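Novice:
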Amino acid sequence: MAVQQVFPLSCAVQHYAWGKMGSNSEVARLLASSDPQARISEDKPYAELWMGSHPRGDAKILDNRISQKTLGQWISENQDCLGSKVKDTFNGKLPFLFKVLSVETALSIQAHPDKELAEKLHLQAPQHYPDANHKPEMAIALTSFQGLCGFRPIEEIVMFLTKVPELRFLIGDNAAAQLKGSMSSDSQAAASALQSCFSHLMRSEKNVVVEQLSLLVKRISQQAAAGNNMEDICGELLLQLHQQYPGDIGCFAIYFLNLLTLKPGEAMFLEANVPHAYLKGDCVECMACSDNTVRAGLTPKFIDVPTLCEMLSYIPSKDRLFLPTRSQEDPYLSVYDPPVPDFTVMKMEVPGSNTEYKVLAVDSASILLVVQGRVTASSPTAQKPIPLQRGGVLFIGANESVSLKLTVPEDLLMFRACCLL
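One gets the working numbering by counting positions in the sequence shown from 1 and adding 19 to each.
(1) Excluding the 5 residues flanking Ile-190 on each side, which residues of the same chain have their C-beta closer than 6 Å to its C-beta?
(2) Buried or exposed for Gln-231, going by 16 or more other Cβ atoms inside 10 Å?
(3) Tell me whether Asn-277 sits in a helix, a strand or coil according to DSSP, three-state version.
(4) Using the DSSP secondary-structure output, state which residues sit across from Val-354 in a beta bridge.
(5) Is Ala-384 close to chain B, meaning its C-beta is less than 8 Å from at least one C-beta of that chain?
(6) Using DSSP bridges, identify the partner residues of Thr-395.
(7) Can you tell me whether Ala-66 is buried or exposed, with buried defined as 16 or more other CB within 10 angstroms of its CB?
(8) Look up Trp-451 in the DSSP assignment and give the residues it is bridged to.
(9) Who pairs with Cys-302 in a beta bridge, going by DSSP?
(10) Does Thr-89 come out as helix, strand or coil in the three-state DSSP assignment?
(11) Out of curiosity, what's the CA-to-CA distance linking Thr-108 and Ala-384?
(12) Can you have a look at Glu-156 and say buried or exposed, based on whether 16 or more other CB atoms are within 10 angstroms of its CB?
(13) Looking at C-alpha atoms only, which residue of Asp-301, His-261 and Leu-289 is the closest neighbour of Leu-317?
(14) For the beta strand (DSSP E) containing Val-412, name the first residue and the last one.
(15) From Asp-301 to Met-433, what does the alpha carbon distance come to, in whole angstroms?
(16) Taking 8 Å as the threshold (C-beta atoms), are Lys-104 and Asp-382 in contact?
(17) On the DSSP bridge list, what partners appear for Tyr-376?
(18) Hey, quick one: how far does the alpha helix (DSSP H) through Gln-23 stretch, first residue to last?
(19) Below 8 Å between beta carbons: does that hold for Phe-275 and Ile-176?
(20) Going by C-alpha distance, which of Ile-59, Pro-27, Cys-100 and Ala-158 is nearest Arg-339?
(21) What are the boundary residues of the alpha helix (DSSP H) that includes Gly-254?
(22) Looking only at its chain, what residues have a beta carbon closer than 6 Å to the beta carbon of Leu-281, apart from the 5 residues adjacent to it on each side?
(23) Count Cβ pairs between the stretch 384-398 and the stretch 110-119 that sit closer than 8 Å; are there 3 or more?
(24) For Phe-179 and Met-202, I'd like the C-alpha separation in whole angstroms.
(25) Do the stretch 83-101 and the stretch 40-60 make contact, defined as three or more Cβ pairs closer than 8 Å?
(26) Can you give me the Cβ contacts of Phe-288 inside the same chain, cut-off strictly under 6 Å, excluding the 5 residues immediately before and after it?
(27) Return yes when the Cβ of Gly-284 is within less than 8 Å of the Cβ of Lys-366, no when it is not.
(28) Would you decide whether Glu-185 is buried or exposed? Buried here means 16 or more other CB atoms lie within 10 Å of its CB.
(29) Taking the alpha carbon of Val-28 as the point to measure from, which residue in Thr-89, Gln-241 and Asp-192 has its own alpha carbon closest?
(30) Relative to the C-alpha of Tyr-264, which residue among Val-228, Ile-80 and Ser-211 is closest?
(31) Can at least three beta-carbon pairs, one atom from the stretch 329-339 and one from the stretch 128-136, be found at a separation below 8 Å?
(32) Should the stretch 251-259 be regarded as contacting the stretch 300-314, the criterion being three or more beta carbon pairs within less than 8 Å?
(33) Can you give me the C-alpha to C-alpha distance between Leu-413 and Pro-335, rounded to a whole angstrom?
(34) When the Cα atoms are used, what is the spatial distance from Cys-168 to Asp-430?
(35) If we count the other Cβ atoms within 10 Å of its Cβ and call it buried at 16 or more, is Gln-207 buried or exposed?
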């Protein structure tokens, strides 16, 4: 008889300190909704839900007819379920990790190396760079989601250098003048001036950073107390980050990086070498399987300044939203297809007036998350229908056709990660 290729998963939760607490966290709410047995501790952060086969959070299979206990085990014994191209390209492993993140305090400002640099760093310093893979990531907002992403247009940075003397002090007059001068020249000169400014900031002495930051915090606090709006220099954000990471160089990085607030369904794609940070909110995230991170601030961890300043993509750009395309054949489907082979994310919004929805069959293993609504899933290889509600997670083998019956007349919102080679 055919191997069962569609089954529900119980996914690992990570309680990192930056996560939202208890039932404020979308991760905790999804967990509580999908598993009535789950007890949410209100004094514990629920930061990430990991949907995949990563060794530090391998999903458990919720079907006692299947002998393997975890998704990683099952895939290693049923590699064809990945899809023929995926199996060959990614050596019999699932090439992505799908997540939900609930962010209360900012994650570190970081960038991820491309494949070539990752191989080099992994050889040189495996204690900091645990594997040889790149780590492109995409975040799609579930609630209003705030992040930093990529370098701002040069004129914005020049304006901050005028309005924030504490920043200008760290960068120095020469680098600041060079950046201003580069506004009228070609993009190569702008990138080089930007690199010079950012490197000056990152190489500042710790005690000088602390001193300038406390001057800036004091100035913003006094102005705000006097009723002056300090938003032209991101006053509120600066105070918030300084409270979370006192004296941290990352507080100044907000003047270099674009500040994005994503509305639900909006996305940002973080390709190799693009500096970014998640600041606050809930999102689904998909990423290639890697743990390689080069940090730049808002962190007590190791900062590899030379590698960071050398590797970053110094391309100033305002336009950082990543737009999905509407599917031609399915009116309820939007596809977020980034320019990397490792993953694609699909969003399905099905009106509650529908009684049934067919999930597009793709030549790749995929993982489906129900964010809203209630369905029963059936497929040719599943012995009986699988009930799924908010927070439910379903594994779907390559080329499996899955049909969903809506069991309540409410709109259905689902996200699905797969690999479209």
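We treat Cβ as the ideally placed atom computed from N, Cα and C, and that holds for glycine.
These figures come from a predicted structure and were not determined experimentally.
Specialist: The answer reads as follows:
(1) Cys-216, His-219 and Leu-220
(2) Gln-231 should be labelled buried.
(3) Here Asn-277 carries a strand assignment [DSSP, helix/strand/coil].
(4) Bridge partners of Val-354: Thr-344 and Met-365.
(5) Here there is only one protein chain, and chain B is not present.
(6) Answer is Pro-406 and Lys-424.
(7) Around the Cβ of Ala-66, a 10 Å sphere holds 16 or more other Cβ atoms; the residue is buried.
(8) The question about residue 451 has no answer here: the residues shown for the chain are numbered 20 through 440.
(9) Leu-120 and Ala-160
(10) strand
(11) 13 Å
(12) buried
(13) His-261
(14) For Val-412, the enclosing beta strand (DSSP E) stretches over residues 412-415.
(15) 15 Å
(16) Yes, the pair counts as a contact, with Cβ atoms nearer than the cut-off.
(17) In the DSSP output, where bridge partners are listed per residue, Tyr-376 has Leu-423.
(18) It is not in any alpha helix (DSSP H) - Gln-23 carries neither H nor E in the DSSP assignment.
(19) yes
(20) Comparing Cα-Cα distances from Arg-339 to each of Ile-59, Pro-27, Cys-100 and Ala-158, the minimum goes to Ala-158.
(21) 254-263
(22) Ala-160 and Phe-164
(23) yes
(24) 14 Å
(25) no
(26) Sequence-distant Cβ neighbours of Phe-288 in its own chain, meaning closer than 6 Å and more than five residues away, are Met-157, Phe-341 and Pro-357.
(27) yes
(28) With a threshold of 16 other beta carbon atoms within 10 Å, Glu-185 meets it and is buried.
(29) Residue identity check: residue 28 is Leu in the sequence provided, not Val. Among Thr-89, Gln-241 and Asp-192, the Cα nearest to that of Leu-28 is on Thr-89.
(30) Val-228
(31) yes
(32) Taking 8 Å as the limit for Cβ pairs, the verdict is that the stretch 300-314 does not touch the stretch 251-259.
(33) 40 Å
(34) 32 Å
(35) Gln-207 comes out exposed.
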